[in-house]
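Residues in the sequence shown are numbered consecutively from 201, following this note's numbering. Quick reminder that beta carbons are idealized off the backbone N, C-alpha and C, glycines included. Right, one structure below, let's go through it.
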Amino acid sequence: MNTVLHDRFLLITAVVLFLAGCKVGRDYKGTGVTAPVGYERGTSASDTTALAGIAGNDTLDWWRLFQDPVLDTLIREGLRNNRDLNKAILNIDRAATLLAISKADIAPKLNVKGEYTYGNYPFLFDDEARSNAFGGAAVSWELDIWGRIRRQNEAARAELSGQQYAVRAVQLELISAVASTYFELLEYRTDLDISQRTYALRDSMYLIIDARFRAGIAAEIDLDQARIQRAIAATSIPIQERRIAFTENALSVLLGRPPGRIATGAALADQPAVPEIPVGLPSELLQRRPDVLASEQAIIAQNALTGAAFAQRFPTLSLTGLFGAASTDLAGFTSGATAYSISGGLLGPVFHWGQNRRRVEVERIKTEQAVLQYEQTVLDALRDVEDALVAIETLRAEEVARQAHVQAAVHAEFLSKERYDKGVTSYLESLESQRQAFESQLGLASVQRALLNSYVQLYKALGGGWPTEQDKKAAEEQE
Numbered sequence: 201m202n203t204v205l206h207d208r209f210l211l212i213t214a215v216v217l218f219l220a221g222c223k224v225g226r227d228y229k230g231t232g233v234t235a236p237v238g239y240e241r242g243t244s245a246s247d248t249t250a251l252a253g254i255a256g257n258d259t260l261d262w263w264r265l266f267q268d269p270v271l272d273t274l275i276r277e278g279l280r281n282n283r284d285l286n287k288a289i290l291n292i293d294r295a296a297t298l299l300a301i302s303k304a305d306i307a308p309k310l311n312v313k314g315e316y317t318y319g320n321y322p323f324l325f326d327d328e329a330r331s332n333a334f335g336g337a338a339v340s341w342e343l344d345i346w347g348r349i350r351r352q353n354e355a356a357r358a359e360l361s362g363q364q365y366a367v368r369a370v371q372l373e374l375i376s377a378v379a380s381t382y383f384e385l386l387e388y389r390t391d392l393d394i395s396q397r398t399y400a401l402r403d404s405m406y407l408i409i410d411a412r413f414r415a416g417i418a419a420e421i422d423l424d425q426a427r428i429q430r431a432i433a434a435t436s437i438p439i440q441e442r443r444i445a446f447t448e449n450a451l452s453v454l455l456g457r458p459p460g461r462i463a464t465g466a467a468l469a470d471q472p473a474v475p476e477i478p479v480g481l482p483s484e485l486l487q488r489r490p491d492v493l494a495s496e497q498a499i500i501a502q503n504a505l506t507g508a509a510f511a512q513r514f515p516t517l518s519l520t521g522l523f524g525a526a527s528t529d530l531a532g533f534t535s536g537a538t539a540y541s542i543s544g545g546l547l548g549p550v551f552h553w554g555q556n557r558r559r560v561e562v563e564r565i566k567t568e569q570a571v572l573q574y575e576q577t578v579l580d581a582l583r584d585v586e587d588a589l590v591a592i593e594t595l596r597a598e599e600v601a602r603q604a605h606v607q608a609a610v611h612a613e614f615l616s617k618e619r620y621d622k623g624v625t626s627y628l629e630s631l632e633s634q635r636q637a638f639e640s641q642l643g644l645a646s647v648q649r650a651l652l653n654s655y656v657q658l659y660k661a662l663g664g665g666w667p668t669e670q671d672k673k674a675a676e677e678q679e
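The following block contains the structure:
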């Protein structure tokens, strides 16, 4: 490379570096969304330190608070094998690859070029046929003067971050689904146990009344009523067995295994009490909820695409260069003269019927839609926490009332049976007591499952966890 070419190369490089600092479009400044000061309902919370040792540093380990090793094993199996989660993880790889492709657009492209022609050029030289050969390297470079490529890279980075948050959201959804389905399975198995015990009691009662009827002591209507109650309890058994099978199949699919039986741990009534949940402040949701974070990344990406569309309204400058060997004889190509060239091209829109301006407007509208979607996601997140807090508070009170109901109904069933055996009351009183005892036990199991699920929903609403004291100290140190 001679001195003149070297000086021109340095001049072009200096101009390129100067222009590279330009980037049209607005930089992302945040959404401006502010969360409420606190929650309206159910904000009783314990010290976060008490939970830090159980939940661990990984906020996705909140299911360990249920202290059920079987549930812990099932959730970890689901995190390994669930097809939807693995598909979402592949989206991260795809977004990372697209980012690498986009980043490559900022750099010059180097290609190999070879060319051979043979023919005469009577208007330029003479009628004699000539051969021309060229081989070497070709460099092309679009100078990102207005930042179009950098804005596209910014959008690709935001898309990658969004996919990472989306995977965390899928993980959170999967964990919640496994836990909720597991507790549903516990409820149906409890209901099956209640139905089987109720059937055994009613069957023995039917046999007693049948013997009394044959002896002429009991009326036939009492025998029919006893047969009806036994049939009701018998009907409930296959219903619960069907629910158990369907729930096991659903849970198996969540775990990424073929439908089949699922082993469970402690019974529903034996599940340990869940510690109080420190809900923190609403503003923390904006920093921890993966769906909120992914929604914000969508704004960042769309804002960058708006800038890229705006940059298309300005001229593009491209540089091309060739360096190689040229010869008029293919046989003497290796000994041919060195050939090189450097050229620049400028292409700018002049009159496109408003297409480029409208493209910018379209991207701006998409950005406004992304902001509205983000605001809606924040509102949904706040509602999820409020709903879960209300559910926990009210279901706790309902569970206490249901337990009292069960105790009274079971005792009344016992007394009614005793009174009927002694001939003090009619069998109708005993039948009503049996019905209330049966329904009250099923109702208690339903509330116990709903209470456990409300904790699951609260953990999910909080983004899979809550800030521990260590997290808060680390954040303060960074500030």
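Cβ neighbour criterion (16 or more within 10 Å) applied to residue i
i, result
"F510", "buried"
"V600", "exposed"
"S246", "Residue placement at S246 is poorly supported in this model, since its pLDDT is 40, which falls under 50; the coordinates are not used for a value here."
"K617", "buried"
"A250", "Interpretation of A250 is limited by its pLDDT of 37, a score under 50 that renders its predicted location unreliable; no figure is taken from the coordinates."
"F551", "exposed"
"G664", "buried"
"V270", "exposed"
"E420", "exposed"
"G225", "buried"
"Y659", "buried"
"T567", "buried"
"E448", "buried"
"Q607", "exposed"
"L310", "exposed"
"Q576", "exposed"
"A674", "Confidence is the limiting factor: at A674 the pLDDT is only 49, short of 50, which leaves the residue's position unreliable and the question unanswerable from this model."
"Q487", "exposed"
From the options, residue whose alpha carbon lies closest to that of residue i
i, options, result
"T398", "Q429, I542, A473 and V378", "Q429"
"R619", "V606, G336, S633 and F413", "S633"
"E613", "G314, Q636, L385 and L572", "Q636"
"V479", "R489, P472, A473 and D470", "R489"
"L290", "L451, Q364 and L468", "Q364"
"R559", "A508, N449, K622 and S340", "A508"
"L689", "V578, L299 and L652", "Any answer about residue 689 is impossible in this case: the structure gives the chain only from 201 up to 679."
"Q555", "R513, K622 and E240", "R513"
"S543", "R283, W341, G238 and G335", "W341"
"A333", "A300, T538 and G460", "T538"
"G335", "P472, V312 and E484", "V312"
"S331", "A338, V339 and N320", "N320"
"I375", "W262, I439 and P308", "W262"
"E563", "E598, A498, E586 and V339", "A498"
"V233", "E496, G347 and I462", "E496"
Cβ separation of residue i and residue j, assumed to be a contact under 8 Å, to the nearest whole Å
i, j, result
"A329", "Y318", "6 Å"
"I592", "S654", "5 Å"
"T464", "R389", "7 Å"
"I432", "A418", "Not confirmed; about 19 Å, so no contact."
"A501", "G362", "7 Å"
"Q425", "Y627", "6 Å"
"Q440", "D391", "5 Å"
C-beta atoms of residue i and residue j nearer than 8 Å
i, j, result
"A504", "E354", "yes"
"S436", "A356", "no"
"A588", "Q657", "yes"
"L360", "A296", "yes"
"L468", "L572", "no"
"A661", "P482", "no"
"L154", "L493", "This structure does not reach residue 154, given that the chain is present from 201 up to 679, and the question cannot be answered."
"R351", "K229", "no"
"D491", "A369", "yes"
"Q371", "L285", "yes"
"T381", "L451", "yes"
"H605", "S630", "no"
"F383", "R602", "no"
| query | Do the region 537-557 and the region 263-283 make contact, defined as three or more Cβ pairs closer than 8 Å? | reply | no
| request: State whether the region 277-295 contacts the region 443-459, with contact taken as three or more CB pairs (one from each stretch) at a distance under 8 Å. | output: yes
| said: Whether or not the region 466-481 and the region 400-409 are in contact is what I'm after, with contact meaning three or more pairs of Cβ atoms, one per stretch, closer than 8 Å; do they touch? | reply: no
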